[in-house]
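Here is the structure we will look at.
Numbering (my numbering), first residue to last: 8 to 414.
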């Protein structure tokens, strides 16, 4: 580091602190995760002070794994895959091996200043590029360089940043709540659209006059795709047919597809081409329940199910109407489809789904109304996300000024 303000110096983290790395008890022993001891993973580092964990461990796990306690008030930092997420222990706790507990041994270092210093530090330059993923080790952590002013200056900087960050975080919190409110608004509109009489019956609730209950299998054919053999170059090289994976479904129109396959692949695999306008749903894996409407002709992999209307004369608003219906019941579909670690939606389940079907004119009106609402909500969400990003950039700007001595 160069051009430090007068009176500042650079020290390595090893010079000012002891570093303790956490551990993960054996997953083979279920009893190890039946205790009451807080055990943090990176996903738990959500606030400045952390005293809650998604998993807890037993006293036996601590004893058998020889885990060391992290006292309340200790500075914590993630250093594997997600680099530089920091927090303070809100109570005595334990952590996994992706989190370092930092015990300051230099009495002239303010721990809150060190927290800001680590937030400011470019940790990626300490990453070993030979190791897959962004990961540091204990030795690399010790080499991190920290710009340090006199203690009084540290305290002054902390005071300014604390006040500024608190105001920024409050603004971000409001925007994040606004985003949640928009999601709730959309979900409320979906429920009203498909249950206009607000009947609370669990099964086939009461419908307005002219509406009827139909199973999806009565009005549409379901069809899934396939993955051509990856070791067959003739299936992939110089392909011209778009081939969509379930991970590319984003609850929106599909404009682009990452991979392409050949005519030979279509002939010799279960992959098949679906036309523009086809409604798709991801059937299993992490993206199960995600939807998309093709805005191009494309083949799909086997994790994607397509809906093909039996009566082409009624197809104009069918995809959008069913698209929004699926959005309205997606949580139920996912809940019903858990058979293991991840949801697995069967085509039989989809075919048997009961759909409240209004006359064609009302289908058009509902789809058009939800389209307009969805577009407005997307625009607002994008605006809120931009504002959140701007606030995060403001934080970075304040940190830069602080560590250039301009605060």
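From the three backbone atoms N, C-alpha and C, an ideal C-beta is built for every residue, glycine too. Since the structure is predicted, the reported quantities are computational estimates derived from the model, not experimental observations.
With burial defined as no fewer than 16 other Cβ atoms inside 10 Å of the residue's Cβ, what is the status of residue i: buried or exposed?
i: residue 250; result: buried
i: residue 173; result: exposed
i: residue 122; result: buried
i: residue 376; result: exposed
i: residue 317; result: exposed
i: residue 25; result: exposed
i: residue 240; result: exposed
i: residue 235; result: buried
i: residue 65; result: buried
i: residue 103; result: buried
i: residue 282; result: exposed
i: residue 330; result: buried
i: residue 382; result: exposed
i: residue 54; result: exposed
Locate the alpha helix (DSSP H) running through residue i, then write down its first and last residues.
i: residue 275; result: 270-275
i: residue 171; result: 158-201
i: residue 240; result: 240-243
Name the DSSP beta bridge partners of residue i, please?
i: residue 251; result: 307
i: residue 75; result: None; residue 75 has no bridge partner.
i: residue 259; result: 299
i: residue 82; result: 95, 109
i: residue 153; result: 18
i: residue 221; result: 362
i: residue 351; result: 291
i: residue 57; result: 96
i: residue 26; result: 109
i: residue 313; result: 230, 287
i: residue 40; result: DSSP, once it has assigned bridges, lists no residue as partnering residue 40.
i: residue 101; result: 46
i: residue 281; result: 305
i: residue 345; result: 350
Here's a check: name, in chain order, each residue in its chain whose Cβ is nearer than 6 Å to the Cβ of residue i, leaving out the five neighbours to either side.
i: residue 350; result: 295, 341, 344
i: residue 374; result: 324, 327, 328
i: residue 127; result: 406, 410
i: residue 99; result: 76, 78, 79
Who are the near neighbours of residue i in its chain, counting only those whose CB is closer than 8 Å to its CB and skipping five residues on each side?
i: residue 175; result: 398, 401, 402
i: residue 186; result: 388, 391, 392
i: residue 124; result: 153, 154, 155, 410
i: residue 364; result: 218, 219, 220, 221, 226, 370
i: residue 395; result: 179, 182, 183
i: residue 145; result: 26, 28, 107
i: residue 11; result: 17, 154, 412
Excluding sequence positions up to five away, which residues of its chain have a Cβ less than 7 Å from the Cβ of residue i?
i: residue 198; result: 335
i: residue 337; result: 296
i: residue 357; result: 223, 229, 312
i: residue 89; result: 49
i: residue 31; result: 103, 104
i: residue 167; result: 414
i: residue 201; result: 332, 335, 363
Kindly indicate which three-state DSSP category residue i falls into: helix, strand or coil?
i: residue 324; result: coil
i: residue 89; result: strand
i: residue 31; result: coil
i: residue 121; result: helix
i: residue 411; result: coil
i: residue 230; result: strand
i: residue 45; result: strand
i: residue 132; result: helix
i: residue 374; result: helix
i: residue 331; result: helix
i: residue 116; result: coil
i: residue 214; result: coil
i: residue 143; result: coil
i: residue 266; result: strand
i: residue 13; result: coil
i: residue 380; result: helix
i: residue 236; result: coil
i: residue 386; result: helix
Return yes when the C-beta of residue i is under 7 Å from any heavy atom of the ligand GTP, and no when it is not.
i: residue 304; result: With respect to the ligand GTP, the structure shown offers nothing to examine, as it has no ligands at all.
Could you spell out where the beta strand (DSSP E) holding residue i opens and where it closes?
i: residue 64; result: 62-64
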